[in-house]
Amino acid sequence: MLLEREQELAVLDEAVAHARAGTGVLVVVEGGSGTGTTALLNRLAERATAAGALVLRSGGTPAERTVPFGVLRRLVLPLVAERDLPAPLLTAAAPIAPAMGPSAPDGEADAAVHADTLHWLHILFAGLSAERTVVLAVDDLGWVDDDSLGALAHLVARLDGLRMLLAVVRKDGLGTRDPLVGEISAAATHRVRARGLTRRGTAALVARHFGAGCPEDFGRTCHDVTGGRPKDLRVLCDRARLRRLGAPHWHTQRLRALGESLRRERLLSLLRREPVLDAYLKATAVLADHATDDLVAQLSGLTRQQCGYAREVLTHAWPSTADQGEAAHARAACAVVLRAMGDEESSRRHRQASALLDACGAGPEEVAAPLLHVDRLGDPWEIHQLRAAAAAARRRGAPETAVRYLGRALVDVAATSHVRAELLYELGVTELDLRSPVAGRHFVQAARLMPRLRRRAEVVSSTPLDIVRSDPEVAALVRETAAGLGTPREGDRQGGYLAMRLEARARYAGLEDPGLVTSAARRLLDLDEQRHGASGAERELRTVLVFSAAMGGQSDHRTVARMARQVLEEEPAHTALSGLALELLPPVLYCTDSPHVAASWLDAARLHAAQEGNRATLARIEAVHGLALLARGEVGAARECGMRSLALAEGGTYRDRVHATLVLGQVALELGDAELGARLLDPAEPPADLRMVAMFGALYGMLAEHRGNLPQALAHYLDCGRVLERAGWVNPAFAHWQIRVALIHHRAGRTAEALAAARTHHERALDWGAPTMLSRALRLLGSITEGAAGIELLRQAVDTVETEGSRLELARALTELGRRLQRQSAPQGDRLFRRGRGLADELLNAPSDAEPGSVRPAQALAAGLTPAETRVAERAARGLSNREIAKELDTSLRAVERHLTSSYRKFCITGREQLAHAMGMDETR
Numbered sequence: 001m002l003l004e005r006e007q008e009l010a011v012l013d014e015a016v017a018h019a020r021a022g023t024g025v026l027v028v029v030e031g032g033s034g035t036g037t038t039a040l041l042n043r044l045a046e047r048a049t050a051a052g053a054l055v056l057r058s059g060g061t062p063a064e065r066t067v068p069f070g071v072l073r074r075l076v077l078p079l080v081a082e083r084d085l086p087a088p089l090l091t092a093a094a095p096i097a098p099a100m101g102p103s104a105p106d107g108e109a110d111a112a113v114h115a116d117t118l119h120w121l122h123i124l125f126a127g128l129s130a131e132r133t134v135v136l137a138v139d140d141l142g143w144v145d146d147d148s149l150g151a152l153a154h155l156v157a158r159l160d161g162l163r164m165l166l167a168v169v170r171k172d173g174l175g176t177r178d179p180l181v182g183e184i185s186a187a188a189t190h191r192v193r194a195r196g197l198t199r200r201g202t203a204a205l206v207a208r209h210f211g212a213g214c215p216e217d218f219g220r221t222c223h224d225v226t227g228g229r230p231k232d233l234r235v236l237c238d239r240a241r242l243r244r245l246g247a248p249h250w251h252t253q254r255l256r257a258l259g260e261s262l263r264r265e266r267l268l269s270l271l272r273r274e275p276v277l278d279a280y281l282k283a284t285a286v287l288a289d290h291a292t293d294d295l296v297a298q299l300s301g302l303t304r305q306q307c308g309y310a311r312e313v314l315t316h317a318w319p320s321t322a323d324q325g326e327a328a329h330a331r332a333a334c335a336v337v338l339r340a341m342g343d344e345e346s347s348r349r350h351r352q353a354s355a356l357l358d359a360c361g362a363g364p365e366e367v368a369a370p371l372l373h374v375d376r377l378g379d380p381w382e383i384h385q386l387r388a389a390a391a392a393a394r395r396r397g398a399p400e401t402a403v404r405y406l407g408r409a410l411v412d413v414a415a416t417s418h419v420r421a422e423l424l425y426e427l428g429v430t431e432l433d434l435r436s437p438v439a440g441r442h443f444v445q446a447a448r449l450m451p452r453l454r455r456r457a458e459v460v461s462s463t464p465l466d467i468v469r470s471d472p473e474v475a476a477l478v479r480e481t482a483a484g485l486g487t488p489r490e491g492d493r494q495g496g497y498l499a500m501r502l503e504a505r506a507r508y509a510g511l512e513d514p515g516l517v518t519s520a521a522r523r524l525l526d527l528d529e530q531r532h533g534a535s536g537a538e539r540e541l542r543t544v545l546v547f548s549a550a551m552g553g554q555s556d557h558r559t560v561a562r563m564a565r566q567v568l569e570e571e572p573a574h575t576a577l578s579g580l581a582l583e584l585l586p587p588v589l590y591c592t593d594s595p596h597v598a599a600s601w602l603d604a605a606r607l608h609a610a611q612e613g614n615r616a617t618l619a620r621i622e623a624v625h626g627l628a629l630l631a632r633g634e635v636g637a638a639r640e641c642g643m644r645s646l647a648l649a650e651g652g653t654y655r656d657r658v659h660a661t662l663v664l665g666q667v668a669l670e671l672g673d674a675e676l677g678a679r680l681l682d683p684a685e686p687p688a689d690l691r692m693v694a695m696f697g698a699l700y701g702m703l704a705e706h707r708g709n710l711p712q713a714l715a716h717y718l719d720c721g722r723v724l725e726r727a728g729w730v731n732p733a734f735a736h737w738q739i740r741v742a743l744i745h746h747r748a749g750r751t752a753e754a755l756a757a758a759r760t761h762h763e764r765a766l767d768w769g770a771p772t773m774l775s776r777a778l779r780l781l782g783s784i785t786e787g788a789a790g791i792e793l794l795r796q797a798v799d800t801v802e803t804e805g806s807r808l809e810l811a812r813a814l815t816e817l818g819r820r821l822q823r824q825s826a827p828q829g830d831r832l833f834r835r836g837r838g839l840a841d842e843l844l845n846a847p848s849d850a851e852p853g854s855v856r857p858a859q860a861l862a863a864g865l866t867p868a869e870t871r872v873a874e875r876a877a878r879g880l881s882n883r884e885i886a887k888e889l890d891t892s893l894r895a896v897e898r899h900l901t902s903s904y905r906k907f908c909i910t911g912r913e914q915l916a917h918a919m920g921m922d923e924t925r
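Going by my numbering, the sequence shown opens with residue 1, and the numbers climb by one from there.
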C-alpha cells in the first residue's frame, strides 16, 4: 500500500477510465529522485491490467541512451514475438530492426526509413487500440534516447480518438533542457507529482519496519536524513535493521550516520549515470573557492550549457538537506567527489587546476592552493609557486597559511638540496611570526645545508636574538659560523656587517658568560676607536656590549651612560617594536642614573606602538617608563606604570610580562612590599632569564624575612648572589641581595660578616660611581657602623645624592641620618628626619608622568630634569632667590645650587636669565 498517495491514485484511475472511453490520454508523473515516481507508474500499470488493458512497459537507462530506438524496441518487440497477433501487424513489424542507423539519419534514404518507422508505429498502436485499451508506460523520460523521444512525441500528437494511454515519468532535473521532453510534458492531459512523505507518513513507514513501539525521535531522524523520500526510507530502514539499530536501544546517532552514508552512495551512483555532472563536480571540487563558471567550464571541458544542466541535475537528483543552503549543498557534493577520487586522478586534476589558475592570472595563493592536494611534487615550478604563495600569505598577515605552503613544499624536496635549505630558512622566518618553538631548529637545519659560508653567515646572522639565547644549538651554530667567517678583510663592508651581527648574537647568547661580560668594556672601546657608522649591525652589537659592561659594573658609569646615549641617538624609535634597545638599554640607564636620556626616544616609540595597536610593545614601554621613574626615586608612580604594563600584557606570553614583573619586583624590594612580592611569585613561572632568577631569589628572601625566618631569607639571598656572581653580574644596582645579607648579619649580631658584605658592596659602588648606588652603599655601611664614623658615612650618603640620582635614596639617607642624630640629641636630627620622611611620602604618593593632569612641564621632561630639579627651576624662573627656594622647599641652600647647576647643564644654558625661556615660562613671567 502506498502511503499518502490517495490524490495521485485518484488521478491515475481517472486517466485509465478516460482511455477506456476512447479519449487518448497522456499522463506525466513528476517528482524528485526517490520520491516514488516509479511506484506510481507501477500502480497505474497494475490498475490498467486489472481493467483489461494491454500494458507495454519500457524505460530509459544511461547506458542505452545512445542506442537508436532502444526504448521503443522494448515496447514493440514483445508484440512481434506474440503469435496470436493479427497478420498485418506481424508483417508491419519489419521497419524496427537492430540494424537501424544512427539517431540523426544521414541522407534521404535514412530519413525515409525513419519516417516509415514513425508511420508504422502509429498504425500499429492505432490498430491495437481499436481492439482493446493500450497503455504504454515509459520510466525516466530524461534517459530515453533521442529517436525514441521523437517517436513518443509523434504518438503524443496523434493520441486523440485512440483508446490509448501514454504514461511517462519525468524526474526533476533530468532532460529539462531537451525540447522533445518539454514538448511531451506540455501535452499532458493528466499530471501527478510524487512528493516526500510527511513526518506522519514517515513514522507510519518506519513503524512497518520496526513495529509500533518505535520512538518519535527515531522516526524524526529517519525523516530528517531522507527528506521523507519513500525509496530512501525503505533502504535506510532495511540497512538499519541489518545493523540492529532499532529496538531495544534505538541508536539514533548511528542511524543519522548511516543516513549520511547512504546519501553519499546515492550521489556516487548518480555520478556514474551522469558523466556531465561527474566532470562538473570534479572540476568544481579541485578549484574549490576559485570555482567560477568560466574556470569550471575550461577545466572540465564542458560548455556553459552543460554546466548549467549539471547544476540542475544536482539540485533535483541529489536534493539538499533541510539545513543546507545552495553553497553548502555544493560543498557537500564536492567533498563526496574528492573522497571518491583516487590519488592519481586527484593529483592530476589539482595540477591542471593550478596551471589553469596561473594561466588566468590568479594570485600566488590561488595558484598554490590546489598544489597542497597533489600526491607528489616534482616540478620546480610547483615548488616556486608554493614559496610565492607563502610570501603572499605572510604579507597579508596569515603566517599559519604560509607555514602550510612551505611545509608542503618541503615534503618532496631532496634532503641535501640547496632549495631545501632556502625553504627551511623561509619556514623558520615564518614560524617566528607564530612564536613557534621549532623556528630555531629550522634555522639550524637551513644553515647546515647552505653550500656557501657567506650565505650561511647571512642566514645565521638574521636569526632573532631571543632564539639564539634560548636555544643552545642555535647559539653553538652562531659561534661556529662566526669562527668560520673570521675577521673580514678591510673594505669588505658586507663581511664586516655579517661579522658584527654574528658577534652581537654570540654575545647576547653569552650574557651570562663571565668571560664575555668582562670583555665587553674593552670591546666597546675598540668600537669607539674603529667606528663603522650607525649600521643596524653595529647598533645591535653596541647595545649588547653596553648592557654587558653595565652588568659587569667594572667600567665607569659615565662612560657606559655616554655609550648608551650614543646608541639611542642612532637608533630609530620605531625599531623599539622589535629591536634590542627597548630590552637592554633601560636597565643600563637605570643603573647609571640617567633615565632622562631615553625620554624623547621612549615617547616616539610609544607613539609608533600605539599607531600599530601593539599591546605587547606598549606594555614593555610602560614598564620601561616605570623603571625610569624608579631610577628617579618616584616609586609610587613607578608602581602605577608597572601595574598598567601588567594589565596591557595580560593574555600575552611569558616574555611580554617579563618587563612588568621586573619593574614591580624592584618596586616590591624598594618598599619591602611583601604582598606585591607574593603576588608576583604566585603563580610563578620558571624564570628563563638571569634577571628574573635574581629577582625571584630576592623576592623569596624578602618574603622569608617578612615571616621572620631569617636563616631561610639569608639562604635565598646568598643563592641569588651566587647566581649573579657566577655570571659576572656584580653591578651594585642589582645587588639588593648583598644589602640584605649585610643587614641580616647585623641584626643577628654578626658584625664582622655584616661589615665585610657592606664593604664589598661599597667597593663595587665606588668602582661603578653612580650617585644612587654609591649613596646606598654609604648608607648601608653607615647604618651598621657605630659612632661618629657611621654618622660621617651617612652624611656622605646624603651629599652624594643631594643633587642627582634617586630622590628616594636621598629620602632614606636623610631619614637614617636624622634618626642617628636624634639618638645623639643633635639639633639637626629632627629637621633631617622630617625632611626625609616628607620626601619619602611625596615619592610614594606622586602620580606617574603618564597620567592625565601631570603638572610637570614638557620641556623639563624632555631635558631629563628630575622632579626636584624641576621644582627648583620653576621657582627660579619665577624670580625667587636661592634662599627663598630653600626655605619654601625645606632643603639646604647647597642643594638648591646643585639642582640649578644641573638644570643649566641639561638645558645647555649659562644662567638664570635663560631659565624661564627654557622652561617655557617666559610668556607668563
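Glycine included, each C-beta is placed from N, C-alpha and C at the ideal position.
query, result
"Keeping to the same chain, check which residues put their C-beta closer than 8 Å to that of His154; ignore five residues upstream and five downstream.", "Leu118, Leu121 and His122"
"Kindly indicate which residue of Met341, Leu314 and Ala340 has the alpha-carbon position closest to the one of Ala328.", "Leu314"
"Once you ignore the five residues that flank Leu703 on each side, which residues in its own chain have a CB closer than 7 Å to its CB?", "Ala674, Gly677 and Ala678"
"Which of the three DSSP states, helix, strand or coil, is assigned to Ser806?", "coil"
"Give me, in chain order, the residues of the same chain whose beta-carbon lies closer than 7 Å to that of Pro732; leave out the 5 immediate sequence neighbours on both sides.", "Gly553, His761, Arg764, Ala765, Trp768, Met773 and Ala777"
"What number of angstroms, rounded off, separates the C-alpha of Asp799 from the C-alpha of Leu434?", "52 Å"
"In chain order, what residues of the same chain lie with their CB nearer than 7 Å to the CB of Arg501, ignoring the 5 residues before and after it?", "Ser461, Ala537 and Glu540"
"Would you check if the distance between the CB atom of Arg229 and the CB atom of Gly196 is smaller than 8 Å?", "yes"
"Among residues of its own chain, excluding the 5 on either side of Glu382, which ones have a beta-carbon nearer than 6 Å to its beta-carbon?", "Leu371"
"What is the rounded straight-line gap between the Cα of Asp13 and the Cα of Arg47?", "7 Å"
"Using 8 Å as the cut-off, can you tell me whether the segment 788 to 796 makes contact with the segment 623 to 642, which would need three or more C-beta pairs spanning the two stretches below that distance?", "no"
"Please identify the residue among Glu913, Met164, Gly378 and Leu141 whose C-alpha is closest to the C-alpha of Arg55.", "Residue identity check: residue 55 is Val in the sequence provided, not Arg. Comparing Cα positions, the closest option is Met164."
"Who are the near neighbours of Leu545 in its chain, counting only those whose CB is closer than 6 Å to its CB and skipping five residues on each side?", "Ala520, Arg523 and Leu524"
"Straight-line CA distance for Asp830 to Glu842?", "18 Å"
"The alpha helix (DSSP H) that contains Asp13, what's its start and end?", "Glu6 to Arg20"
"Thinking Ala549 and Val560 are a contact (beta carbons under 8 Å), I'd like their distance in whole angstroms, please.", "5 Å"
"Please classify Thr430 as buried or exposed, where buried requires at least 16 other C-beta atoms within 10 Å of its C-beta.", "buried"
"My output table needs one value for Asp799: the three-state DSSP class, helix, strand or coil.", "helix"
"From the DSSP output, read off the bridge partner residues of Val929.", "Since the first residue shown for the chain is 1 and the last is 925, residue 929 is missing from the structure and cannot be characterised."
"Hey, is the segment 300 to 308 in contact with the segment 131 to 149, meaning 3+ C-beta pairs nearer than 8 Å?", "no"
"Between the alpha carbons of Ala391 and Pro364, how many angstroms are there, rounded?", "9 Å"
"Under 8 Å Cβ to Cβ from Pro399, same chain only, skipping five residues before and after it: list those, please.", "Ala393, Thr430, Glu431, Asp433 and Leu434"
"Look up Val29 in the DSSP assignment and say whether it is helix, strand or coil.", "strand"
"What do you reckon, are the CB atoms on Thr37 and Ala207 nearer than 8 Å?", "no"
"Candidates Ala609, Ser881, Asn882 and Glu869: which alpha carbon is nearest Glu802's?", "Glu869"
"Assuming Val192 is part of the alpha helix (DSSP H), what are its boundary residues?", "From DSSP, Val192 is part of no alpha helix (DSSP H) but of the beta strand (DSSP E) over His190 to Ala194."
"What do you reckon, are the CB atoms on Leu270 and Ala317 nearer than 8 Å?", "yes"
"Specify whether the segment 403 to 423 and the segment 434 to 449 touch according to this definition: at least 3 beta carbon pairs, one from each stretch, less than 8 Å apart.", "yes"
"Cutting at 7 Å between CB atoms, please list the residues of its own chain near Ala369, excluding the five before and the five after it.", "Ala288"
"Taking a contact to mean a Cβ-Cβ separation below 8 Å, would you say Pro319 touches Gly227 in this structure?", "yes"
"Note the first and the last residue of the continuous alpha helix (DSSP H) segment covering Asp656.", "Tyr654 to Leu671"
"Taking C-alpha atoms, which residue in Arg158, Val16 and Thr189 lies nearest to Ala50?", "Val16"
"Taking DSSP as the reference, what is the three-state secondary structure of Gly34?", "coil"
"Take Leu255 as the anchor and find which of Val286, Gly219, Asp278 and Ala283 has the nearest alpha-carbon.", "Gly219"
"For His746 versus Ala735, is the C-beta spacing smaller than 8 Å?", "no"
"So which of Ala39, Val872, Gly491 and Leu880 has the shortest CA-CA distance to Thr891?", "Val872"
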